[in-house]
Each structure stands twice: as C-alpha cells, then as structure tokens.
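Below is one structure, written out as structure tokens; comments come after it.
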Amino acid sequence: MVIKWSLARILFLSIIGLTIATSIHGKIVHSRNSPNNKPSESSHPAKSYSDSRHGRIARSAESISANPPAIALPESGPAGPVSDGSSSLVTATEQELNIGIVGEGVVGLSTATAILELNPKAKITIYHDKPFEEILSRGIAGLFRVDDGSDINKLYGNDTFVRLAQLWREYGGLSGVQLLSGHIVSTDKRKLNDQEGNYGKIVTNFRWLKDEELHGVNSVFGYGPNITAGIHYTAFTSEGIRYCPFMKQQLLAKGVKFVQKKLASVDDLAEEGHPIVVNCGGFNGGELAGDDAGNMIPIRGVLLKMDASWHKHFLYLDYTTITIPTIDTVYVGTVKQEGVDGPMHILPEDVEDVWRRYEPIQPALRRARQIGHFVGIRPGRKQIRVEAEDRTTKSGKKYRLVHNYGHGGNGFTLAYGSGLHAAHLALGVKTDRYDGIVPSPLLKDPVKKTWKKAEEFYKEGLNLKSG
Numbered sequence: 001m002v003i004k005w006s007l008a009r010i011l012f013l014s015i016i017g018l019t020i021a022t023s024i025h026g027k028i029v030h031s032r033n034s035p036n037n038k039p040s041e042s043s044h045p046a047k048s049y050s051d052s053r054h055g056r057i058a059r060s061a062e063s064i065s066a067n068p069p070a071i072a073l074p075e076s077g078p079a080g081p082v083s084d085g086s087s088s089l090v091t092a093t094e095q096e097l098n099i100g101i102v103g104e105g106v107v108g109l110s111t112a113t114a115i116l117e118l119n120p121k122a123k124i125t126i127y128h129d130k131p132f133e134e135i136l137s138r139g140i141a142g143l144f145r146v147d148d149g150s151d152i153n154k155l156y157g158n159d160t161f162v163r164l165a166q167l168w169r170e171y172g173g174l175s176g177v178q179l180l181s182g183h184i185v186s187t188d189k190r191k192l193n194d195q196e197g198n199y200g201k202i203v204t205n206f207r208w209l210k211d212e213e214l215h216g217v218n219s220v221f222g223y224g225p226n227i228t229a230g231i232h233y234t235a236f237t238s239e240g241i242r243y244c245p246f247m248k249q250q251l252l253a254k255g256v257k258f259v260q261k262k263l264a265s266v267d268d269l270a271e272e273g274h275p276i277v278v279n280c281g282g283f284n285g286g287e288l289a290g291d292d293a294g295n296m297i298p299i300r301g302v303l304l305k306m307d308a309s310w311h312k313h314f315l316y317l318d319y320t321t322i323t324i325p326t327i328d329t330v331y332v333g334t335v336k337q338e339g340v341d342g343p344m345h346i347l348p349e350d351v352e353d354v355w356r357r358y359e360p361i362q363p364a365l366r367r368a369r370q371i372g373h374f375v376g377i378r379p380g381r382k383q384i385r386v387e388a389e390d391r392t393t394k395s396g397k398k399y400r401l402v403h404n405y406g407h408g409g410n411g412f413t414l415a416y417g418s419g420l421h422a423a424h425l426a427l428g429v430k431t432d433r434y435d436g437i438v439p440s441p442l443l444k445d446p447v448k449k450t451w452k453k454a455e456e457f458y459k460e461g462l463n464l465k466s467g
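Count the sequence shown with this note's numbering and you get residues 1 to 467, in order.
Structure (structure tokens):
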C-alpha cells in the first residue's frame, strides 16, 4: 500500500509540473509574438526644419551620435530603387554595403561621415584625382554663411551648424573649427536684407548694427556715410587645411579607404564593384555624371593668407571684400569671377584688386605680413544637386547613383547637411524631412562650355560681382 501510494503521488506531481511548464512556455511564446513586442524597425527620425534653437539642439543627438540609430534599407537591396518609405525594410546596421564616393573635398568627406553615422558597417572607398594639396577645399577659410536661403539650404545649413558646434565643444581647434563673431557691412541695406532670413535663426547673436555703431564717436569702425547698414552675428569657421584632414583621420580610423585615381565617369566605380556610388565631384561633378556639365559655372576665387593674430573678428563689405580669422591665420579676399576657370596661380591684378577694396575699411591689415595665398574654382550651379537615380553601365552592371555637388561658395556651410541628405538617398532611408522642400531638378545639359581666363576678365574691365 505504501509503495502504491508513493508511486501515485510521484505520478500526480509529475503531471502537475508538466502542466505548469507548458503554461509558462505558452506565455513566453505568446509574449514574443505579441504585436506589442515586435523587434523595432527604426529609421532616422524624420525631422522638419525648425527655426527655433530648441529644435536645432534637439537634432544634435540625431545628427551626431556615438550610437547611431538603426537605419532601414529597401528590401530590394542597395542596387534597387530609392525607397519612398513604403517598402518592407531591414536594418542597415545588418548590411555591409560597398559604397564608392567621388571626391576627397569637404563634401565627399562629410558625406562619408554621414553615411557611417547612419550605417557603421558600410564599407566606403573615396576616390580622388589629385592630392589634397591641389584641391579647392584645402584653401578655404569656411565662415558659416548661407548665400541662397531656400528651405533646403536652410535645413542643410542648420544640420551643418549643429555638427560644427558639437565638434567645437568636443575637439576645439584640433578639428579646425573655431567660434567667432563679426560683421557684414554694406553701402546698400537691400544687399543685407536677405541675410536675416537666410541664417539669422541658425547662428547666434544675429542683430542689425545701430547707426552709432557704424558712424558714432565711439564706433570701432569709423566708417564714412557711404556705409549705410551692417549686421553682427556669431558662428563658426571650419578651415579647410585643418578641418578636412581631421575628418579624413576619423574616416581612416573607421576603415574608409582612399584611392587616387583619374575617373572618366561615375560608371567607373560601378565597374570597380560598388553597387552604390556617390558623386561629390565638385566642379567636375557634372562632367563625371555625363548629363550636367553645361549646368556648372566656374567662379574663380583668391585668398591672401596673413599673419595677423590680433585680428579676431570677421569683417565683410558686402560679400566679396572680406577678412576671416581662423585659428592662427587671417584670410583676406576675395574675387568672385563668375565664368572664369583659370589660371590656377595668383595674378598681380588679383592682389591689387583685393587691397584696393579692403584697405579703405581696415588699413591695419595692409601692415601685416603675407604668408601665403590660394586660388580656387568654386563649383557654381543654380542649385545644389542632391538627387538619386538608378543606372546601368555599358557592361550591364546596375547601381544606385547619388549626386551631391554644386555648392558654389557655400561648401563648408552646407556640406554636412547635404551629405546627410545624400546618405539617406544612398542607404534608401526615408526622406520625409527633405520631401516637399527639394527643388525640381535642372534640365539635363551634358555639353561642357568654354570659359574665360582671369587675364581676359581684367583686360575687359569686367566689374566684380558683390552678390
């Protein structure tokens, strides 16, 4: 009887234990399959541009993060069509994408940086046809200022400003970024009217100068009555000779490769095995694209590099006569010779013209020692080209092509913002924050034009543009 009762009790307890285990397992399975507990398919937060400083600061976590959010790619893969946000998605952090970027300047480096922030596993190779010492970005002073105040450019500028602020806080001068204040004055207030709308709510301390600040007894400027208006603001410079190498070192540390190679077309990178190609080719971007050379306009520029460490504020007379202090140098300039693509060396006429305009507004700079100069061709275009398309090479290779070029004289102001947009397009991420403010594409124009040289420019007595 005792044995039978013990066996019966063991059997009873076993049945009870099995029932409890089954119940617990069922709850776990139900919990995992519950709609409220699905793995998240997060995408880059779709933020629309806000003029408020709170909106800008809030986006700093989105633009620059040690732990970037998981970004989504279209199910069709990197060579498929750009996602409109309606397709099934997989996380980009699970993808090892092979991306080729054309251009080692500020736009190419910024775009690579943005891509890796969205997808740290991306494999990127940056192709450049010249050493860094010979490209436009090397000689730029990089004062933050938005020329064209379109909604898309305001968004690009805002994203770049947030980026520069973070770099300045974390790295200071090591990054090539410097915080400074200064003034833009004019003989015609109408030339300054758009500045407040273009970037007044992005920068800090934007205000109009009072008449007594321009002409009064206590005025630091001592201007004559011909100067009728002025503005003040605080922003950043990002000096090319420091900022670009800083970005390059960060990219190298993340495994980005750099290859010096002359390209005939963006198709060359698809043939190299890149299913995603980003065209940051600057002035040559239109020709490399094969359909846009005629829309590119060269704008020759000149800067004189001065040893004037006492000069701490930027000063502009309109937008051509300028000084920009950087970390240990002051740049004096410039010329904006639209439709001029050379020469790439400085002319006596360049130097004479710069000082003829700048010396009257600040004679002390003429006493400083000149320690260098720079000549570059700005990549002019009616609007920045940030677009995506699917292409097929002559050999039949399909690839996604993203354009990001045509920044004119605002490359350092807009590069990170446009690079972030290009990164969204390259990765197939939702583009809600850009939709509705992207301008219509320009008509295709593949025919490269013939341009003037500066010698002709001066010989013909053409007036410098001040806009």
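Note that beta-carbon positions come from the ideal geometry of N, C-alpha and C, so glycine has one too.
With distances taken Cα to Cα, identify the nearest neighbour of residue i among the options.
i    : options                : result
Q166 : G157, Y156, V177       : V177
D471 : L136, F132, K448, I227 : A question about residue 471 goes unanswered here, because the residues of the chain that appear run from 1 up to 467.
G157 : F457, E456, G411, K430 : G411
G286 : D194, P298, S440       : P298
T187 : F206, I231, L164, G172 : I231
W168 : T228, I327, A112       : I327
A423 : V375, V106, A112       : A112
K444 : P131, A293, V217       : A293
A270 : E212, E456, V217, Y127 : Y127
H421 : F161, S110, G100       : S110
Y405 : R385, Y416, G419, L414 : R385
S238 : G301, T160, T450       : T160
L97  : V256, V107, I124, G105 : I124
E455 : S440, Q362, T234, R300 : R300
F283 : Y243, D129, N193, H345 : D129
L347 : T321, W451, I324, Y458 : Y458
N153 : Y434, I227, G333, F236 : Y434
V402 : L288, E213, N218       : L288
T450 : V217, V256, G342       : G342
T334 : K398, E389, G409, G273 : G409
D432 : L155, G372, G173       : L155
D353 : K248, G461, V162       : G461
K398 : F132, P439, E272       : E272
Hey, quick one: how far does the alpha helix (DSSP H) through residue i stretch, first residue to last?
i    : result
V354 : 348-358
I322 : Run containing I322: none in the alpha helix (DSSP H); it sits in the beta strand (DSSP E), 321-325.
N410 : Note, N410: premise wrong, no alpha helix (DSSP H); not H, not E.
A293 : Here A293 belongs to no alpha helix (DSSP H), and DSSP marks it neither H nor E.
H215 : 211-215
F457 : 454-459
G197 : 193-199
Within the continuous beta strand (DSSP E) that includes residue i, where are the two ends?
i    : result
Q370 : 369-380
W208 : 204-208
L504 : Outside the displayed range of the chain (1 to 467) lies residue 504, so it cannot be described from this structure.
A388 : 385-392
N473 : With the chain covering only 1 through 467, there is no way to say anything about residue 473.
L167 : Note, L167: premise wrong, no beta strand (DSSP E); alpha helix (DSSP H) at 151-171.
G333 : 330-333
K305 : 297-307
L180 : 177-186
Could you tell me whether any Cβ in chain B is nearer than 8 Å to the Cβ of residue i?
i    : result
P225 : In the structure shown, chain B cannot be found, because there is only a single protein chain.
Just confirm the distance between the C-beta atoms of residue i and residue j, as a whole number of angstroms; I'd bet it's less than 8 Å.
i    : j    : result
V330 : M306 : 5 Å
S137 : G240 : 5 Å
F374 : L303 : 5 Å
V185 : Y233 : Contact flag wrong, Cβ pair sits at about 13 Å.
Y243 : S309 : Contact doesn't hold; Cβ gap of about 20 Å is too wide.
A141 : G419 : About 20 Å; that fails the 8 Å criterion.
V332 : T320 : Going by Cβ atoms, the distance from V332 to T320 rounds to 12 Å, so no, they are not a contact pair.
F236 : L164 : 4 Å
T228 : K261 : With a Cβ gap of about 52 Å, T228 and K261 do not count as contacting.
V107 : H407 : 6 Å
Measuring CB atoms only, is the segment 390-399 touching the segment 261-279, in the sense that at least three cross pairs come out at less than 8 Å?
yes
List in chain order: all unbroken beta strand (DSSP E) runs of 3+ residues lying wholly within the segment 219-274.
229-238, 257-260
Inter-stretch contact (C-beta, 8 Å, three-pair minimum) for the segment 105-122 and the segment 355-372
no
Are at least three pairs of beta-carbons, each pair with one atom in the segment 418-428 and one in the segment 308-319, less than 8 Å apart?
no
Segments of 3+ residues assigned as beta strand (DSSP E) that fall wholly inside the segment 93-145
98-102, 123-128
Three or more C-beta pairs under 8 Å: does that hold for the segment 198-213 against the segment 131-146?
yes
Three CB pairs or more closer than 8 Å across the segment 371-380 and the segment 245-261
no
Between the segment 361-370 and the segment 334-350, do at least 3 Cβ pairs fall closer than 8 Å?
no
Validate contact between the segment 272-284 and the segment 97-111 using beta carbons, cut 8 Å, 3 pairs:
yes
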